[in-house]
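One structure is given below, encoded as structure tokens.
Residue numbers (full-length UniProt numbering): 1 to 335.
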């Protein structure tokens with residue numbers, strides 16, 4: 001579909017890790033009394049820590065297996081050299097890395113008595129997580145636009161969804177994630193932490209860090225809300241408008257088989273969008289006095305969504321299932 005353009009390699013935007021180091025150094029200078037934080041995690045009996053560790057380990061193993069497998073299938077099968085699978089490969093890459101920012105440290109803390117994380121480690125964790133989660137939101141919007149073109153303008157699909165445009169959309173997603181992450185991390189770690197070091201969460205996030213700050217949070221919260229609005233509203237608007245056009249076009253199809261086929265190409269994407277945005281909205285609308293509910297919502301988009309995405313797209317996608325079967329047959333001809 002993309003001619004002589006380079007095959008769909010996963011696009012990785014090299015973000016400014018020097019900026020992370022600079023922020024952590026500046027933060028350490030401004031708050032010399034804070035050298036580390038304590039991740040409280042889940043307030044459960046110690047006997048349940050083993051069970052939680054095993055659950056986290058199983059989910060993370062599924063994330064690694066599913067997303068690495070999806071990327072391998074997409075990169076090795078020429079039939080999947082299309083815009084939709086280019087976006088899907090990048091979605092797997094994002095899911096893999098932002099869950100890897102959270103899960104390993106959370107699992108270590110189940111066995112650790114101190115449950116501490118260094119100041120620089122906390123800065124890095126927030127920076128990387130914010131980068132990848134924002135990039136995923138924009139990437140899902142790009143995928144909705146791709147489905148809109150495929151269903152509403154199928155004859156022009158190969159022209160409009162060119163390799164150049166696809167690369168620009170993915171690069172833009174990472175760039176927006178990087179800019180947003182730099183701003184959010186800078187705002188968060190210019191706060192003063194002169195009281196408790198205990199973060200009531202299982203990873204470093206903006207709201208739990210704000211709870212333990214002794215600074216005036218009005219400006220910080222207004223900037224955070226503005227950033228969230230700038231990020232969430234455009235992506236949701238693109239997704240909603242794309243699917244309004246898609247539904248309108250599909251309903252005009254006379255054949256019931258044709259309507260079913262058109263809707264099936266969008267159902268996987270809609271499922272992923274619903275789970276991610278549902279969990280994000282639930283977490284940010286939960287009052288601060290219910291931190292445990294925020295943790296449950298955070299679990300949905302930090303671990304559950306990255307685990308489910310490969311399953312949703314592979315189980316409901318004939319091309320992926322055939323590519324997987326072909327890959328397995330190459331490794332084991334007896335299959």
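Just so you know, even glycine gets a beta-carbon here, dropped at the ideal spot from N, CA and C. What you are looking at is a predicted structure, and each value in this text was computed from that prediction instead of being measured.
| Query | Result |
| --- | --- |
| List the endpoints of the continuous alpha helix (DSSP H) containing residue 110. | 83-111 |
| Near residue 134, which residues of its chain fall below 7 Å by C-beta distance, leaving aside the five closest residues on each side in sequence? | 176, 177, 180, 181, 231 |
| Taking all protein chains shown into account, do 16 or more other C-beta atoms lie within 10 angstroms of the C-beta of residue 168, making it buried, or fewer, making it exposed? | exposed |
| When the Cα atoms are used, what is the spatial distance from residue 251 to residue 258? | 10 Å |
| In this structure, how does DSSP classify residue 23 when only helix, strand and coil are distinguished? | Any answer about residue 23 is weak, because its pLDDT of 49 lies below 50 and its placement is not dependable; what the coordinates show is given next. In this structure, residue 23 counts as helix in the three-state DSSP scheme. |
| Tell me which same chain residues have a C-beta within less than 6 Å of the C-beta of residue 156, skipping the five on either side of it? | none |
| Quickly, what does DSSP pair residue 226 with across the bridge? List them, please. | Per DSSP, none; premise fails for residue 226. |
| Quick check: what's the CA-CA separation for residue 24 versus residue 129? | Bear in mind that a pLDDT of 46 at residue 24, under 50, signals an unreliable position, so the number given afterwards is only what the model happens to contain. Approximately 16 Å, taken between the alpha carbons. |
| Quick check: what's the CA-CA separation for residue 110 versus residue 299? | 15 Å |
| Considering only the beta carbon of each residue, do residue 192 and residue 215 sit closer than 8 Å? | yes |
| Quick check: the stretch 132-148 against the stretch 52-65, are at least 3 beta-carbon pairs closer than 8 Å? | no |
| Helix, strand or coil for residue 218 per DSSP? | helix |
| Looking at the strands, I want to know which residues DSSP matches up with residue 240. | Partner(s): none; residue 240 has no beta bridge. |
| Count the CB pairs spanning the stretch 195-203 and the stretch 235-253 that are closer than 8 Å, and state whether there are at least three. | no |
| Is it right to say residue 71 is buried, meaning 16 or more other beta carbons lie within 10 angstroms of its own, or is it exposed? | buried |
| Which same chain residues, not among the five before or five after residue 280, have their C-beta less than 7 Å away from its C-beta? | 301 |
| DSSP puts residue 36 in a beta bridge; with which residues? | 118 |
| Given a cut-off of 8 Å on the beta-carbon distance, is the pair residue 132 and residue 98 in contact? | yes |
| In terms of residue numbering, what span does the alpha helix (DSSP H) encompassing residue 58 cover? | 49-76 |
| In whole angstroms, what separates the C-alpha of residue 277 from that of residue 138? | 12 Å |
| May I ask which residues mark the beginning and end of the alpha helix (DSSP H) holding residue 183? | 163-188 |
| Along the chain, where does the alpha helix (DSSP H) that runs through residue 286 open and close? | Looking at the DSSP string, residue 286 is not in any alpha helix (DSSP H), and its letter there is neither H nor E. |
| Whose CA, out of 153, 146, 296, 292, lies closest to the CA of residue 82? | 146 |
| Per DSSP, what kind of secondary structure is residue 253 in: helix, strand or coil? | coil |
| Which residues bound the alpha helix (DSSP H) around residue 157? | 157-160 |
| Within 10 angstroms of the Cβ of residue 200, are there 16 or more other Cβ atoms? Answer buried if so, exposed if not. | buried |
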